[in-house]
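Below is one structure, written out as structure tokens; comments come after it.
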Amino acid sequence: MGNRFETPAKILDAALGCIAARGPAKMSLRDVSAAAEVSRGTLYRYFKTKGELLTAISDHVRRGVGAALDEAVAGQPVASGRLRAIADAIMHYGDDHPEVSRVIEAEPAFALEFIRGIFPTFVAQVTELLEPVFDDLGIVQEGTVRREVLAELLLRATSSLYLIPSPNPDEMTDAVVTLWASVAAPAKVGDPGPEDDA
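Read in order, the letters of the sequence shown correspond to residues 101 to 298 in the working numbering.
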């Protein structure tokens, strides 16, 4: 039963490696079957055309990142810990899935188009996962900044490290979390507003 689910994932991971090595245009189903160490017949059982395979790759990565985000937040019962958990999950996803990082480095045009396609999905997911955090933010309660914009800001800051890697990703995580938290700090009860200061 496990093979039913493991084989497609194995093929898709192999396909990502082939894209990194040869590019999406030159990659063939023959290349993928060889890299995945499965027969052509097995490959065609799951993906009949190259187009189907490329579409499935997008879904495969989207599901993988989405699951990593859900898992990271599930281990954070305290709302304040969710921000760092999400930032860490995004920044270190490539450590567990190096084939994704290789595609971004070797085929930036393909990767950029792919990221643009799935980005709105992750904005929606992160917005939902950070709901308990947003509920306490003054700038959200006051309508100054929409929660979707804050989620997008976090995603843009963290995902940019895949395009321009940092020699100190953990330090960057600390900086992103600190800056985000300071900008979106909870409103203090009794703080004077702009009109009160005038």
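All residues carry an ideal CB built from backbone N, CA and C; glycine is no exception. Quick caveat: nothing in here was measured; it's all calculated off a predicted structure.
The three-state secondary structure of L153, taken from DSSP, is helix.
Within its own chain, the residues whose Cβ lies closer than 6 Å to the Cβ of A136, once the five positions on either side in sequence are excluded, are K110, I111, A114, listed in chain order. Three or more beta-carbon pairs separated by less than 8 Å link the region 223-237 to the region 158-173, which places the two stretches in contact.
Within the model, the alpha-carbon separation for Y193 versus V203 is close to 14 Å.
Looking from the CA of I157, the closest CA among A121, R140, G117, A134 belongs to G117. For I204, the three-state secondary structure derived from DSSP is helix.
Counting along the chain, the unbroken alpha helix (DSSP H) around I186 starts and ends at 182-191. In this model, W280 and T258 are separated by some 11 Å (Cα to Cα).
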